[in-house]
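In our numbering, the protein residues as written are 13 to 181. No residue lacks a Cβ here, since even glycine has one placed at the ideal position from N, Cα and C. Treat the numbers as computed from the prediction; the structure is a model and nothing was measured.
This is how it looks when you write it as structure tokens:
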């Protein structure tokens, strides 16, 4: 699988991911995007009203045959995925971390915290490995970041570094 196919497969699987025990999707239409820069992508998505939770996928570094340096067509792709939630209420942001104000019910995305969304992200990565025969690994989970947005809403995000092997062609 080449980089383009890999990015599309991750995007498709995240768009199809449903809340465990439900048929409701985690990420709404237009909430899983492939972007050239994570920080600018997050800023743009929030300013343009993209529904949260959202996932931003960024093509990053790639390395040709990192172990033996003998197969130039064998590539290790790395790409970060930023997950973000915005949950109103609270002065310190606990709601955006753990979830609150779940007005859509227990199987809807509204009011879900980053911890809940992260679990469904891991489920989607596992499905992709099983269904598409891709070895996709979460190599690193970045420290959580947050910003305050009026009126009393926290935007919480976390970046996951994915890694997969594929081909240049």
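Inset, instruction - Return yes when the C-beta of residue 122 is under 8 Å from any heavy atom of the ligand HEM, and no when it is not. - result: In the structure shown, the ligand HEM is absent, as is every other ligand, since no ligand is present at all.
Inset, instruction - Measure the C-alpha to C-alpha separation of residue 181 and residue 87 and round it to an integer number of angstroms. - result: 10 Å
Inset, instruction - Compute the Euclidean distance between the alpha carbons of residue 75 and residue 68, then round it to the nearest angstrom. - result: 22 Å
Legend entry - Minimum C-alpha distance to residue 17 - residue among 172, 71, 93: 71
Legend entry - Where the beta strand (DSSP E) containing residue 109 begins and where it ends: Residue 109 -> not in any beta strand (DSSP E); alpha helix (DSSP H) instead, spanning 106-110.
Legend entry - Candidates 15, 14, 13, 38, of which the one nearest residue 136 by Cα: 38
Inset, instruction - List the endpoints of the continuous beta strand (DSSP E) containing residue 178. - result: 165-179
Inset, instruction - Check whether the Cβ atoms of residue 99 and residue 166 sit closer than 9 Å, and answer yes or no. - result: yes
Legend entry - Residues that residue 157 bridges to, as DSSP identifies them: 169
Inset, instruction - Assign residue 16 to one of three DSSP states: helix, strand, or coil. - result: helix
Legend entry - For residue 152, three-class secondary structure by DSSP: strand
Inset, instruction - Tell me, to the nearest whole angstrom, how far the beta carbon of residue 54 is from that of residue 96; I am working on the premise that it is less than 8 Å. - result: 6 Å
Inset, instruction - Taking the CB atoms as reference points, tell me whether residue 10 and residue 172 lie closer together than 9 Å. - result: Residue 10 is absent from the structure shown; the chain starts at 13 and stops at 181.
Inset, instruction - Could you round the C-beta distance between residue 123 and residue 109 to whole angstroms and report it? I think they count as a contact, below 8 Å. - result: Their Cβ separation, rounded to whole angstroms, is 12 Å, which puts residue 123 and residue 109 out of contact at 8 Å.
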